[in-house]
Structure formats: C-alpha cells, structure tokens
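Chains A, B, C, D, E, F, G and H, in that order, are what the protein sequence lines are. With our numbering as the guide, the letters of the first sequence map in order to residues 24 to 203. With our numbering as the guide, the letters of the second sequence map in order to residues 24 to 203. With our numbering as the guide, the letters of the third sequence map in order to residues 22 to 405. With our numbering as the guide, the letters of the fourth sequence map in order to residues 22 to 405. With our numbering as the guide, the letters of the fifth sequence map in order to residues 3 to 298. With our numbering as the guide, the letters of the sixth sequence map in order to residues 3 to 298. With our numbering as the guide, the letters of the seventh sequence map in order to residues 1197 to 1294. With our numbering as the guide, the letters of the eighth sequence map in order to residues 1197 to 1294. Even glycine gets a Cβ: it sits at the ideal position worked out from N, Cα and C. Everything on this sheet refers to the single structure shown next.
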Amino acid sequence: MVEIRFHGRGGQGTVVASKVLADAIAKEGNWVQAYPEFGVERRGSPVVAFIRIDDKRIYDKSRIYAPDHVVVLDPTLVEAIDITEGLKEGGTIIINTDRKPDEFPFRGRFDVRTVHATEIAVKHKLGNLAAPIVNTAITGAVVKVLGLTKLESLAQAIREAIAIKPEDNVKAAQEAYERA
Amino acid sequence: MVEIRFHGRGGQGTVVASKVLADAIAKEGNWVQAYPEFGVERRGSPVVAFIRIDDKRIYDKSRIYAPDHVVVLDPTLVEAIDITEGLKEGGTIIINTDRKPDEFPFRGRFDVRTVHATEIAVKHKLGNLAAPIVNTAITGAVVKVLGLTKLESLAQAIREAIAIKPEDNVKAAQEAYERA
Amino acid sequence: MKKVIMGNHALSYGAMLSRAQVIPAYPITPQTQVVELLSEMCASKTLDAKFIKVESEHSAMASCISASAAGARTFTATSAQGLALMHEMLHWASGGRHPVVLGNINRAMAPGWSIWTDQNDSLSERDTGWMQFYCSSNQEVLDSVIQAYKVGEALMIPAMVILDAFALSHTYEVVEIPEQDKVDAFLPPFKPEIRLTPDDPHAFGGLTGPEHYFELRYKLQKDMEKAPALIEGTGLEFERLFGRRLGLVDEYKCGDADLLFVSSGTAGYTANVAVDLLRDEGIKAGNLRMRVVRPFPFETVRRILGKAKKAAVVDRNISYGHHGIFYQEVKSALYGVKKAPPVFGYITGLGGRDITPDTFKEIAAHALAKDGPDEEIVWIGVKR
Amino acid sequence: MKKVIMGNHALSYGAMLSRAQVIPAYPITPQTQVVELLSEMCASKTLDAKFIKVESEHSAMASCISASAAGARTFTATSAQGLALMHEMLHWASGGRHPVVLGNINRAMAPGWSIWTDQNDSLSERDTGWMQFYCSSNQEVLDSVIQAYKVGEALMIPAMVILDAFALSHTYEVVEIPEQDKVDAFLPPFKPEIRLTPDDPHAFGGLTGPEHYFELRYKLQKDMEKAPALIEGTGLEFERLFGRRLGLVDEYKCGDADLLFVSSGTAGYTANVAVDLLRDEGIKAGNLRMRVVRPFPFETVRRILGKAKKAAVVDRNISYGHHGIFYQEVKSALYGVKKAPPVFGYITGLGGRDITPDTFKEIAAHALAKDGPDEEIVWIGVKR
Amino acid sequence: MKKDKKMTLTLPAEELMSPGHLACQGCGATLAMRYMLKALGQRTVLCIPACCWAVIDGPYPYSCLDAPIYHCAFETAASTATGVKAGLEMTGDTETTVVAWAGDGGTFDIGIQALSGAAERNDDIIYVCYDNEAYMNTGIQRSSATPYGAWTTTTPVKHFKDRPKKDIVAIMAAHRIPYIATASVSHPEDFVKKMKKAKAIKGTRFFHVFAPCPTGWKSRPDDSVKLARLAVQNAYFPLFEIEDGEKVTINLKLKEKKPVADYIRLQGRFRHLSEAHIAAIQDEVDARWARLLKSC
Amino acid sequence: MKKDKKMTLTLPAEELMSPGHLACQGCGATLAMRYMLKALGQRTVLCIPACCWAVIDGPYPYSCLDAPIYHCAFETAASTATGVKAGLEMTGDTETTVVAWAGDGGTFDIGIQALSGAAERNDDIIYVCYDNEAYMNTGIQRSSATPYGAWTTTTPVKHFKDRPKKDIVAIMAAHRIPYIATASVSHPEDFVKKMKKAKAIKGTRFFHVFAPCPTGWKSRPDDSVKLARLAVQNAYFPLFEIEDGEKVTINLKLKEKKPVADYIRLQGRFRHLSEAHIAAIQDEVDARWARLLKSC
Amino acid sequence: MKEKKAKRIVYRSEREMPLMVISVGSQTHNLTGAWRNIRPEIDLEKCLKCGICWKFCPEPAIEIVDERPVVDYDYCKGCGICAEECPAKCIVMAEERK
Amino acid sequence: MKEKKAKRIVYRSEREMPLMVISVGSQTHNLTGAWRNIRPEIDLEKCLKCGICWKFCPEPAIEIVDERPVVDYDYCKGCGICAEECPAKCIVMAEERK
Ligand SMILES: Cc1ncc(C[n+]2csc(CCOP(=O)(O)OP(=O)(O)O)c2C)c(N)n1
Ligand SMILES: Cc1ncc(C[n+]2csc(CCOP(=O)(O)OP(=O)(O)O)c2C)c(N)n1
Ligand code: SF4
Ligand code: SF4
Ligand code: SF4
Ligand code: SF4
Ligand code: SF4
Ligand code: SF4
Ligand SMILES: [Mg+2]
Ligand SMILES: [Mg+2]
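Structure below.
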C-alpha cells in the first residue's frame, strides 16, 4: 500500500491532481482511492488531498495520517505550514519550485525532489504567471519520481478529466515527467 | 357507570351541552368524562357527543358504543338518522320536541321523554326560532330525568361556561327542568 | 381548584402556570384549542407572554429555539404533520441545548389524511434528542408540562408532553388546577447560564469540526442519562407540594402479575380496566404504563419486567420494516437480563381505531395461549 | 466500463442508468456533486429527465412524490439538514406508496454546523417507512440505486441509498459502470398500476377514518416484510447479469468468528481491515456489515449472530436517551433467541471523528476482556 | 310558468362536482370549485393541500369530483403541482391542465415558499387560492389573509386582527408571472371566462378567489353569494387581471363604490368593531382602490 | 507623505469584525458585514443561517465578530430573529437590535416563507440579505437571485440560467413593511447611513446588499469593489430606499448609465454569453431602471 | 360523471382495498339532505327560468329537468342561497317537520 | 473587541468545553497571511491618507497606525483590493517569495 498527500491552495486544482493520478493508476489495474481533505476549501487557503494505492481491494476507509510521500503544488506553502507532518521517515517530497532540493531544511530526513511545474504550466499557457494551473504538470513529475503508473496512462487520464486544453495539459505533464 | 350520548347538529353546541353537564356532575364529586365524536364537524351536519359518569376514577378511555341514555337536541334528527343505535334496552331517550313521547316509533323498547327546549330557548331569547340555542335548556331536562346532579350545580356550571347571557341560559335550564 | 377541562386546555394551563414567556404556535387539528386558549390568555393578559402567530410549525420551533437561547421560557404545541415539519428544528433544539417544552397531540401521519390518534408522529421523533412524556389523563398533562420545564431546564434538554388525539385532547375530565404561587415555588424562573446577549457575546452553533462535535454530543447523552433519576426526584418533590406523584412509569398491579401489559397513552389507562376484568376471571394481569420513553427508563423496565412471567407490549405505532417501537425497545432493554420473560408484541389502534378493554383481553388470551412469541408482530383488530 | 469516480457521482450514474425521469433536487454539502452532474446530464441530454431546481428539500420531496404518483421514475439526493427538512414528506412518500429513490449522504446534524459524517440524519428517519441501504463503496452505491428502483417499484415503497460524507461521497474509487442496455434489461420502465391521470380519475390520499387507515398501514408493513426476500432475489439476478452480488448483509469471515463486529457504512469496510489484523494476532474476529436496515433483516441477523460467541455492535449514531441504534435493534432482534451471544454496544465516530482499524482493535480488546456488557454504552474515542 | 321558455344557463352545463360532499351549508369555496371545473373540464389534475377542500371532497374511498386529485401536504400545493406536471410530461401527457387548489392559509402562509419557487421557475401550472380569510378547516384561526378587524379564535375580540391583509396579488405580480386574476363566487361568468383564458396560457398562472365562509365569518349561509357580490361592488375585493406582472385590467369597473359598512355589518366576525374601526377599513379600501386604478 | 495630514475615515472607526476569518480572498460579503456592524454597533444580535457567513465567522469555539450570533438553520433567518427579539423583550432587553443576516439563497428561496411571515407580522427586526447571486457556500449553485445568463454548477454553460433574477425588493415592497433599502459594498458610506436610519425605525426592515463573490463569479479578487461599483453605476443594482412599501427614493441618481457589458465582461460566469445575450441583459436593466424611475 | 346516488362501500378485509389511499367511489352515497332543517320550495309558476338558483347552489342540488329547476332533497342542505338569489323570489325556505 | 492575535484553544476533555456549542475565542488565532501569494506593499511617500485602502479591506488587515495605513501581514490574504482601489496607486502587489 502506498499513501500520498498533496498540498496546494484552494482554487489550484489540488483535488483534481490527486484524482487524475488515481485515474492513471487505476488504468494499470491497481486499486486506488483518492480523496480531498474533509473540510471547507476557500480560495487561497491551504488545502490537502490524498491518494491510497494497493494491488488488492482497499477496505480501509479511514484517513491517511502517515503518508509515504508528499507532493507540494505551491512553493509558498513550504514556509506557511508544516508539509512534513506525519510523513514517514525517508519519504519522498516533490515540490513545485525553481529552487534546488538542498535548499530545503528537511532535506536530510526526506528525499526531496523539485520540479518547476509553474514554469512548465506557463510555457504551455495553462493559466498565467499570477495564477498558473500547475496541477496536471505536477502529476507528470509524480509519475516519474514514484513510478506508480505509465506516462501514457497519465496522459489518457488527463485527456478524460480535463475539458479545457487537454492536450496542452498532457504536454505539460510530459515535460514535467522529463524534467523531474 | 352511566353513559349518555347526545345528538345534535354542527353549530348547535352539542359538545357544550355535554361539557356543561359533565361540569355540573363533577361538582358533586363524581368522576366524569365528556367528549365529542372524533370527527369533522360541519355546520348543519349531524354530530354526536358523549359523557361517562362514575363514582370512582374512570380509567376507560375507549369510546362509548352502548350508552344507557340518549339525548336529542334537534328533533329533525330523529328521522334523519338512527338515534337508538347501540342504546341499551330500556334506556332513556330525551328529545327536544313539541311532540308527545308516544308519537315515536321506538317508544316501546325505550323510555322516551320529551321537552320542548326550543320553545323554552326562544322564550328566553337564546337565539331565534330559525336558529334557537337549545343546548343549555336541554341540560335542565336531562338533570331532571336522569337525576345525575343537582339543579343548582347545573346552574353554576352554566354560569361558568357560558359567556353570553349566562343568566338567561340558567333560567332556560331551570324551566326545562321543571317542565321535563 | 377543580375544573372540568379538555386535554388541550390542560396543556394551555400547564404553560400558563409555568409562566411561559414566548409562545410561537401554529394551528392544527386536534391541537387548536391549546393555542386558542393561550392566545386568549395573552390577549387578556392572564398570561404575560408573547404569542407569535407564525406561518408554519417550522418557524414556530425556530422561534422557540432562539427565544430560548435569548433566555426566555418557551412553549408551543402541535400534532402529526406539524411535528414532522419541525423535525429539523427538533434536532436543533436538543443539539443547541434549548429546553423548549412542546405539547404534541398524537395523530396518525398522512396520507391518507387522518386526524385520529396513533403514536407514529411523536415516536418517529424518538431519535431527535428530546425527552418524551406520554400522558393518560388531563391531570397528568397539566402536571407534566410543569415538570417538563423543571427537568428540562435543569438539564438544558427540550421535552415533549404527549397526549392522544380526541381520546385525551378533546376529552373533558376533572383536573385540579394548582395555585400559581405553589407552581412558582416549584418552578423558579428560567435563568440559563449562557444566553444570547450583547452583554456577553458568543456565537452559538458555529461550524463544529470532527475534533469537537463528538464531545458535545457525548455531553447531551450524559445529561440525558441523568434524567431518569431527576424525573423521579422531581416527581417526589411535586408530590410533596401538590399531592400527586408521577414517575418514569406507572405500575398497576404489577407486583404479582403473571401477564404484564406494557402500554402507554390513553390505552395505558384502558389497560387497567382490562387488568381488573382479567383478575375477575382469575388471571393475574398487571399493567406497566410507560410514561417516559426518552430517556428510556432501562433500570425501571428491567426491574419490573424482569420479574414478570410474560409480557405483552401493546404498540399504537409501528416502525415499518421493524416492529412496534415499544416492543423493539423493551426487548432491547431486556436483552441479556437473566430470567427475562417471553415478550409478545402487539400492534393495534393505528389511525384512531379504538382500543377497548376487550382489545387487551384479546391480547391476553393470545399471550396466555403460547409459550413465547411465534410471529414478529401480532396484529389486533385489523380487518384481514 | 471502469471509471474512477467519486461516491456522489456513483449516485448520479445510478440515477442516469436507471433512467430517472424527474429529478427535483436542492444542493447541500456534501451532496452537491450529485445534482451538479445530474443537471449537467440533463442539460446535455445524456439523460432525458426533467431537472427541477426547487427552492428547498421539502419541495424536492413533494415534487418527487407527485411526479411518482403521475407515473414517472423520480430521484433526488440530499443530506442531513435537507433530509430532516423532508421528514414530513418522507412519511408521505411511504404512506402514499410512491417508490421514490433518494440518495442520502450521511452527515451529522446541526447544531453546531457539521458537514462531516455520522448516521444520525438517516437513522432518525428509520420510522418513516423507507427502505434504507447503507453503502461501503462507490460500486455499491451505483448498484444499490438500480436495485433500489427494482425492489421499490415492485413493492411500491420508497428507498434511500446512503453513503458517508467525504469518506465515500468525495472519495474517488474504481467503479464498473454497467452498460445501459443491460441495466434496461434488469430494470424495466416504471409502470404503476394506479397513477394520477384524467384517464382514470381517482383522489389520492383523502381523509381516511379509523375504519380504513389501519388496514392501509398494515399493507405497507406486509409489503415491507416481503422486501428481505426480494432484496436477496434481486441481488442474485443482478449478479447473474453484472457479476456482483449484494444482499441484506455482507459477511466477512463470520463463519468461525469468536468476536463478530456489527458495522455499517464505510466503517463497515474498515472493520474488515481490523478483522485481518486481529486474525494475524490469533483472534478469530469477523465482521457482519449491515447493508439493509429497513426492512430489518431479522432472520439473517439471528442466523449469523446466533452462532457467534460475542458481538460488538459499532454505532456511528445514537438515539439520545437510549443506545446506539444498531445496538438497540440487534439486541431487539436477538431477544429470545436461544444461545444468543453477549452483545456489546459501542458508539464512535460522531460528527466525522475518524474510525480507523485501530478503533476496531480497541473495541475488540474491550469486548474480549469482559464476559458481557457492563455499561449501557461504551464510548470509543471521545475525549473525556 | 312559461312552459316553452328555455332555461338560461350562463355557465357550462357539465358538472364535475357531485353532491354528497362535506362542505357546510352555504360554502363559498364549494361554489368556487364548481365554477373552476366547469371552465377547465375533466382533463385537469388537482393538487389539494390541507384545507376545507381536503375534507369537502369526501373521505377515503370516495371523492365528489370527477377529476383526479392529489391530496397533498399543507405546504406543498405548488411543489406538488410542479411534480405532477413534470411527471405527466415525462410520461407523454402534455395536455392535461395541472391545478394547485389551496386555501388562503396554504397560500399566503405555509405554502408561500413553494408557490414563490414555482412562480420563479415559471412552472406550467394554474395556482388557485380560494380565500375565506382564515384557517377554517381547523376551526377559524387567523391567517395572513384575515382582514384587519376580524375576530378569529386566535385574534380574540379583545385583541382582534391588527395587521392588514397580506397583498398576495401584489406579491405574485412582483414575481412577474404571465397571468394573475382575481375572481369571486358572485361573478361566476367572469370567473369561468378568465379561467378559460388562463388555461390557454403557458407558465405559472395565479387566481385569487373570494370565497365567503358562513361558518368562519359568522354570517348567514344564505348570504354567501350576497357577501361576495358586495365585496366586489365596494372594491373590498375588486375583479382584475395582471398580465406579465405589469398589464393591469379591471374586469368590473365601479362607477360608485358601495360603502364597506354594508358588507361588514352582515358578519359576526366584525360585530365588535366601532364606527371608527369601520371608517378606517373604508379608508384602507379606498386607498387600495386608488392604487389599483393608478396601476392600470 | 504628508506626515501631519490626518487620515480621513469616512466610516465609523469601531471594528467589530476581526481578521483571521474564513472568507475567500476579496470577499464582498465580508465587507458587507464589516460595514453593517460599524453602523449598528455592538448591541446587536445576529441570526445567521447556513451561507458563506456561517463559515466565514470561524469554527467552534471561535468567532470573528464581537457581537453575539445565533447560527441558525438555513430556512430560519427571519423566524430565528423574531424569536430572539421576543426572547430579549420578555427578559427585559428592549434596546438590542436584532438582525437576520442571510445570503440570497437563504432569502430568495428557502427562507422566503419565514421572511414573508415576519414581514406580515411586522416583527421588529432588520433583515439583511447579502446577495452574491448564487449558493456559494455549497460551491456555486443557482439560486433565484442568480441573474439571467450566468453560469453556475446547476446552470451549466450548455443550459445557463434562463430565468430572470427574482425581484426580492418588489416582493418585500408588496409586504408594505416600513423600510426597505438596497446597498452595495462599493458605497459603504451610503450603506452605513441607511443602516443607521433603519436602526431607528420599528418593525420589519429589509436590506438587499450587493456583495460580489470572486470565487463564484469567476472574477479577480481585486475586482470585487470595482464590480460592485459598476453594478451601481450601470443600474444593474441601483441604490434606493422604499418606505412603507410606497415612498421610493433613489439614493444615487444616475445621469448616464454605464454599459452593462463592462460589468459582464469582468466575470468568468458570463464568459459564454454572446453580444446578443448581453444586449438582452442591457434591455432588461434599462426596463428595470425605467420602472424604478416611474415608481418614485 | 360517477354513478348517481352511489352505494356506500364496505370493505370487510384489507385485501379488498386498493394498495394506495385512493378514491374508488362517489360521495353521492352521502345523503346530505339529513343536514337540512329548512327546505327550499320552488314556486314554478313564478319561475323565470333564469338558472340563477342552479348556478349558485353549492352542492349542487338543483338540477335542470325538462327545462325547469328541481331540488334534489336527498342532497339539499338547506343553505337558502337559491331563495336569496332568485330574482323572482319564487323560492321559499320552509321548516322541516319537527 | 476580543483579544488581538488570540491563541488557539485546545480542549483535552469534554469537561473543558462549554455545555453549548458557543464561541469562547477569537478567530485571530488563525493567521490567514498563509493564504497569500502576493503581498501589498504601500509606498507611504505617495499616500494621500484617504483611508480608502482601510475602508475596503475585507479582512480587515489594514490598520491605521500613527495616522498611516499599515498592512498586518499576519492576516492579509493578498486579495489586491487595496491596491486596486487606492486612488494614489501607491500600493503594489508583490510576489511572495517562492
Ligand atoms: C404542516 C401542517 N400544519 C398544520 C396543518 C393543519 N391545517 C390543516 S388545514 C389548516 C387550515 C387551512 O387554512 P386555509 O388554507 O385557509 O384553508 P381553509 O381551511 O380555510 O379552507 C391547517 C392549519 C396541517 N395539515 N399541516
Ligand atoms: C435545509 C438545508 N438545505 C441545504 C443546506 C445547504 N446549504 C448551506 S449554505 C447553502 C447555500 C447558501 O446560499 P446563500 O444563501 O446564497 O449564501 P452564500 O453561501 O451564497 O453566502 C446551502 C444550499 C442547508 N444547510 N440546509
Ligand atoms: S368552514 Fe367555511 S370554507 Fe370550510 S366548508 Fe365550511 S363554509 Fe366552506
Ligand atoms: S464563496 Fe464568495 S461569498 Fe463565499 S466566502 Fe468566498 S468570496 Fe465570499
Ligand atoms: S337551499 Fe342551498 S343547498 Fe338547497 S337547493 Fe338551495 S342553494 Fe342548493
Ligand atoms: S332563480 Fe328563481 S326564477 Fe331563476 S330559475 Fe331558479 S327558481 Fe326560477
Ligand atoms: S491585499 Fe486585500 S487583504 Fe491584503 S491588505 Fe489589501 S485589501 Fe486587505
Ligand atoms: S488608499 Fe492609497 S492613498 Fe489612500 S490611504 Fe490607502 S495607501 Fe494611502
Ligand atoms: Mg382559509
Ligand atoms: Mg449566495
């Protein structure tokens, strides 16, 4: 069983990211569960989503307290909140940032990876610099780093889930996959 | 235990008659229960009310099916419906009418008494001939015939219950008492 | 002072003597006389209360709740459809800890339209966190209103005083109306510790996350669990002042009974008549009348029924797809009690079908003929 | 076709595949996605239905009822406050024999405002004459909607399909979406014998006196009593067509269990995880997940629990002043059953407090340490 | 008697209401129903919430009407009608007229939300409110349609109704629905004509029908039609239509209005009113009439 | 910076709302509350039903307001306020202002019955509807306040809202309550002035407050005040008062109205509209404005 | 139109009843003439055949038979509206036999 | 006014909680500055002291200190209204450090 937590902001599509990833994983025949934090999401406020993956039916419907990995969509969150809470020792942290992994204080305890998803998103015209839509791009990086599913399945999942500019989103994910 | 049924029409104060009587009886220390037919009362439609009297607490809350006596406030009902239904053999029937007891077909099986409560009511200016208010007058006759309580208690009960022209109502009851 | 009054007026007098301060109410047959008399009392200043002529029962309960939050003693009355329309607000009153008192006239739920009695309206509110007092006489109605305030305000839990349509609501009986000063001595003014006022501003009932909700509801149940003892104690105090005692249940010849009826409402009194008739026939019957259903009097029921040879639970209600509700709950309470008797479940009298002493005799005959129940539900009086 | 969808959308797909014709609905967290998707489907003609944007849940259910009376298949969905606001109309749907299907997202009742799960909203409707199906996965949600129409329309009884807030409503899972033609083969169009039409004019639901009401309600209960067998049969038929079986309950390692959990909703699946963990520790645990609560599956519960050594009923709900509702009803069902086991009652998870495998392990430890229950209610996870 | 002369029937002969029903003697609400059905004909579904008509129709298993009825919950006349219309349409019947038929209490008070919702959606129903100015079925309690000054059991003489009658027509007009009409049982021809007109319109149509109630008004049963007529003639209840919330047409122009006192004095519910009270009522009626004239 | 110059505060300085609350960035509803409390002061009880404000205030055991609040059921803002007023009066507090504070959904739809009832009784409360034109708290579903043309999750682009916005002010005016006002977060001085005026009046007072919602309108958070201002300036949401249901006063006279298109184009919820649609909206706004001018 | 003067329906068993709460009979079994204590009597000689009595009877208990108004006393409740409204004043309300 | 920058309340037991669902603390424990990804910076040199930024801040996160507007970054959510409305255009929205 693998458990992942996503950090983003209200309005950034954090839940969609987790959902698309779940979709992609299911395409390979695995069992998967994705869910948002059970709360009130407000534009701008920090939000969380989760996925749980297993090769057999998942009966456990309780919440995830100790994820294996953490994905951070918005780099400013790293300072605003404790994104490592509950994260298993040695777990992976994937951050959307232009900074280097070793610029982060928790570098030692966890395996930090960075990808500049914002840049990729903007390049593919997904939102603008003030409000980039990074959620699909980051999934490419996650698939690369954690190897949960095939890139092709992710592309397929994005095409099914995203109504506006699906191909640009796929391309962003692909580029993030390559750069991660 | 004594059980009495009252017949009248919607709007004629049949329930009030039973209630006033119950009141008067309670004044002598007896236990008593009075209740209307459990239905929808409509102006003009035949309606029924009941009282149940005992010298000990009355636990029985079921309906009265076989009354000891029947009181008829409106003489036209005698033809319209079966006022003797369930009445115990030999029970008393008190009818507001100017006719004689032996003019009624059920005379043999029951003890029929008549009193012209309408005349008495009109005389005491309780309503008018088209719509006389006979309910208090008839209680006087009932008290006389069945001897359930003292006339004075009835008078008291009427005074307490009737807001408009209480004394005239008392007088009507007294006169009916005398004439019954 | 003794007066011959109808059950509905017993509710009104109860509210008046309790000095209810805010009375939002909406008419419904067979409750109308309750509000008519109260509105009369308010108009004539016999009662210093604000009568609010709301446009629905939903609003009636909403106004009761917030007036109670503001620190006023509140009363309303309704029946069947009206109670059902309040359902969301019933949950609200208990969850918000507002000791509203509500008189409910038991009437069968539509459709078809019925104005006649059965208990499905109030019993289908058994899970809303209200105390429920079922009455069998007009005296009990009046006394229960006063006691409901006393217990409810001590625990900050709302309470329903419940009476059968017509068989009580419209039936005139002799009632001793207590004196106001004695009632005042028994029931002090309502002074909640926390109330809605700019002098001490709080937000009531905001968003309550998984970290806190559970505890608040735990408190509600724990306070409910205090109610049985408090009801008994209040009954004793009331008896000292007024000479009449009401407890969780009413036992009629239960001590030596071979067959115990479990009954409620007006049928709970008619059962006594049947007990006497059966005893005349040499059958040792008894009657356990349930006055309080919420909180369920577990200990009392176990103590009394635990000693019986057989119990026949008579329900004027049904939880469709399950059993009669008293039957269900009595069995549940007795589960695991050593030597608990066979318990039979009867359903009768829905939609105002009359329940007579004969109904109970038929039930007794059925129960006495069997060792234990062999049907989920025994129907009495249905035309099959 | 397999799809990863959220529980709310499983409801929408269920309604779409069942070809619901009239969908009056009102939004409430956490149900909104159900109606959003349905309104999208209606706008894009994926579904040929009339979506009515009512101004309240009360009106939603009123419109469902009358559209059903007119012969249309109807669907709505709601949660907590919305369900509560429908209460009067829930009685109406069942009493009027209208087989509406309603999706309810289990959310705790206010106040304080909660959007998180517990079962008090739907269980406090247990006495309204609706069938209730509690689901543990999104697949089950979708399948249950289709089955609910099949069973409901056969018996002319409405049904609720119930899922936990967030833990199911907002959780994405892999769901097999059946093909429309197969669903059509399983579920024929709704063609009630009697419907509201000028071609055969009848007055529905008029005033019904004590001479008739009782019998009509007797019929409702008798039809409810047919439901358990029909639900099992429908489950078998569904399995033949779709390869998935759903019955009254779901047994997980019950056969040889020394300790049986009785559970429901998403906790009813989490319990399975705990069963495996306990078995790893050498404790023979099992889990009886209650899928259907109305009609209560008396026989099944007696058969399975009758063989257990101990039962631990886990309630995410409470009837204040009584017990957890499953606990109450299970004990009631087992009353008088020979060799029925000691039954423990646990309350946990109110207002969305999480229920984890550890919760069940704590419960197991408690139950295994005692011969029988020595408290009315055992609270798990409350901060005391 | 002129044997040869033909009877003059100014209303359709078809009778969809049979006798044997449970209305009081002289009930205006019953006349209203009779007229409406004459106008709409048998292909009409009625949705009747709790109100006198829920009883008048007759108990299970009977009905005095030859049109199908859904007896619905008190507060749901409009939402029930909406559901029926949708249900019929989805099962292939687009022709049948669906009517919500409710009392003033079920319309002005407990049912106003469902009505407002239906009007906002412009649901294709005719909503008829027969107004007897109180909750009569439950024994004469005030509603928000009860006029200023009236006694009811919840507005006792000592504290009679002190608020004016809610202006339901203005409220509905503010919803800008396609058709609104007032009607009176004293003017059945006008009633039938407007109802037929309404039948041909699509969307939400609203009727406010004046229906005297001898039981609740403490009036003589034989005065019912007379009272209704007086109310029209003294502009207490003028007859008019409003199309699309804007276009107002007065159906019965009044050259001179009769005094309201004539009308008031025939009713026991107003017995306690002083001359001053009646003068105040007259003023209010005059003001309303002036507003109406202005709005045309 | 001119160090000596005094700050100009055009609103009362007293702050009864603290930061830390849970509104989205740029929330208009939050500004509305801030202004209202500045006008009414701390001796005010708020009754807040389900709506964004039920969340904004903060979760148990916190509150961002310094006035007492009763968080009430969605449909009960008015009846809760009525109860509070009665409860306070019966316990000796006749001074405190009682306010029902609800969203458009809680006012136009599910709460309209309770509101209509309170207005009919002329209960002594101030009812404020902050209008963000949809059910926002549940994630942007249409309400009957949603304007023609708008996207919401229940009026998808393929089938956008095709009914006009319900005219709540006209409906309330038909109730003839003593005071009605519209207000906008772009004009806080006007808002505060009218709220103070309302405070001094007895009976039911109704405010319709325009409160942009960037989340639901798909607009930029920094445009919230600008949008509100545009709506006032183009007569999409004119500022006016109605006394006793009759006397209409326009608070901000418009010499020339800005085109509605400027306003529409700033909002994602209208993105799908064609020029023709926008022209239709302009016509509707013009017609409403003409009606308003006529009614003065 | 449902059967004129229908019979009262008596169900002896729930099996005879329809599943739903629906009407299957007409109210005409209910002879509301019993409610009446004054009765309208039409003087046909004076009658104008205007149909007004027919129009305003709330039951309706006036039928047009052979071009003239006939009161059906089985149903007439004796409200008196016909007499009050008759322009020819040819209907009198007589007392029922006491 | 409730305590400025109040502490978060932590209940360890139901006994510590009030009986009713009532607030006993201020929301100021909730530092909504964390929501911000752009920050308003006021160029006080250009400021007109008109108070408009203060007036239109929805939090409110602008205080008047010593006769000038000061943003409280603990709470400012970065909505940008102040910058948009400032007549002197002396507020700029700068990016937060990424
Ligand atoms: C929810 C609910 N509350 C109350 C009632 C009781 N009730 C039935 S009819 C009625 C009065 C109806 O008044 P109106 O609508 O004016 O019709 P009328 O009886 O005057 O014809 C009332 C209060 C009910 N049936 N349902
Ligand atoms: C009976 C009931 N139905 C539905 C809801 C769900 N609900 C809560 S807030 C809300 C929308 C509120 O909309 P509005 O009144 O416009 O306020 P806003 O959220 O837009 O501020 C809804 C539908 C509820 N709480 N109660
Ligand atoms: S109470 Fe009035 S409206 Fe009702 S049936 Fe009698 S006369 Fe008609
Ligand atoms: S959704 Fe809109 S109204 Fe609600 S808090 Fe956010 S911005 Fe304010
Ligand atoms: S008296 Fe009344 S009921 Fe009889 S015929 Fe005349 S109008 Fe009809
Ligand atoms: S109203 Fe008079 S004149 Fe006219 S038809 Fe009837 S009886 Fe004849
Ligand atoms: S950016 Fe917004 S929240 Fe921050 S200070 Fe400016 S107006 Fe206030
Ligand atoms: S709005 Fe601009 S000019 Fe005015 S006080 Fe604020 S910063 Fe200064
Ligand atoms: Mg009425
Ligand atoms: Mg809104």
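Which of helix, strand or coil DSSP assigns to residue i
{"i": "residue 293 of chain C", "result": "helix"}
{"i": "residue 150 of chain E", "result": "coil"}
{"i": "residue 35 of chain E", "result": "helix"}
{"i": "residue 291 of chain E", "result": "helix"}
{"i": "residue 186 of chain E", "result": "strand"}
{"i": "residue 159 of chain D", "result": "helix"}
{"i": "residue 1197 of chain H", "result": "Because residue 1197 of chain H sits at a pLDDT of 39, beneath the cut-off of 50, its placement in the model cannot be relied upon, and the point is left open."}
{"i": "residue 82 of chain A", "result": "coil"}
Distance between residue j and residue i (C-alpha atoms, nearest Å)
{"i": "residue 229 of chain F", "j": "residue 189 of chain F", "result": "12 angstroms"}
{"i": "residue 187 of chain F", "j": "residue 1253 of chain H", "result": "11 angstroms"}
{"i": "residue 191 of chain B", "j": "residue 149 of chain B", "result": "8 angstroms"}
{"i": "residue 1198 of chain H", "j": "residue 236 of chain F", "result": "Residue placement at residue 1198 of chain H is poorly supported in this model, since its pLDDT is 45, which falls under 50; the coordinates still yield a value, given next. Distance between the alpha carbons of residue 1198 of chain H and residue 236 of chain F: 40 angstroms."}
Same chain only: Cβ atoms within 6 angstroms of residue i, ignoring 5 sequence neighbours per side
{"i": "residue 263 of chain D", "result": "199"}
Nonlocal neighbours in the same chain, by C-beta distance under 7 angstroms from residue i, ignoring five residues either side
{"i": "residue 159 of chain F", "result": "153 and 274"}
Beta-carbon contacts of residue i that lie in its chain and below 8 angstroms, excluding the five residues immediately before and after
{"i": "residue 252 of chain F", "result": "240, 241, 242, 294, 295 and 298"}
Amino acids of chain B, ordered along the chain, whose beta-carbon sits closer than 9 angstroms to that of residue i
{"i": "residue 1231 of chain G", "result": "32, 33, 65, 66, 67, 68, 69 and 103"}
Contacts of residue i in chain E (Cβ-Cβ under 8 angstroms)
{"i": "residue 43 of chain D", "result": "85, 88, 89 and 92"}
Quiz item: Given 8 angstroms as the limit, is there contact between the stretch 77 to 91 of chain F and the stretch 1232 to 1250 of chain H, that is, 3 or more CB pairs closer than that?
Solution: no
Quiz item: Is the stretch 255 to 273 of chain C touching the stretch 386 to 398 of chain D in the sense that three or more CB pairs, one from each, lie closer than 8 angstroms?
Solution: no
Quiz item: Looking at C-beta atoms only, is the number of pairs between the stretch 57 to 76 of chain E and the stretch 227 to 238 of chain D that lie closer than 8 angstroms three or more?
Solution: yes
Quiz item: Is there contact here, the stretch 71 to 79 of chain C with the stretch 105 to 115 of chain E, by at least three beta-carbon pairs under 8 angstroms?
Solution: yes
Exercise. Could you say if the stretch 215 to 222 of chain F and the stretch 195 to 202 of chain F meet the contact criterion of at least three C-beta pairs nearer than 8 angstroms?
Key: no
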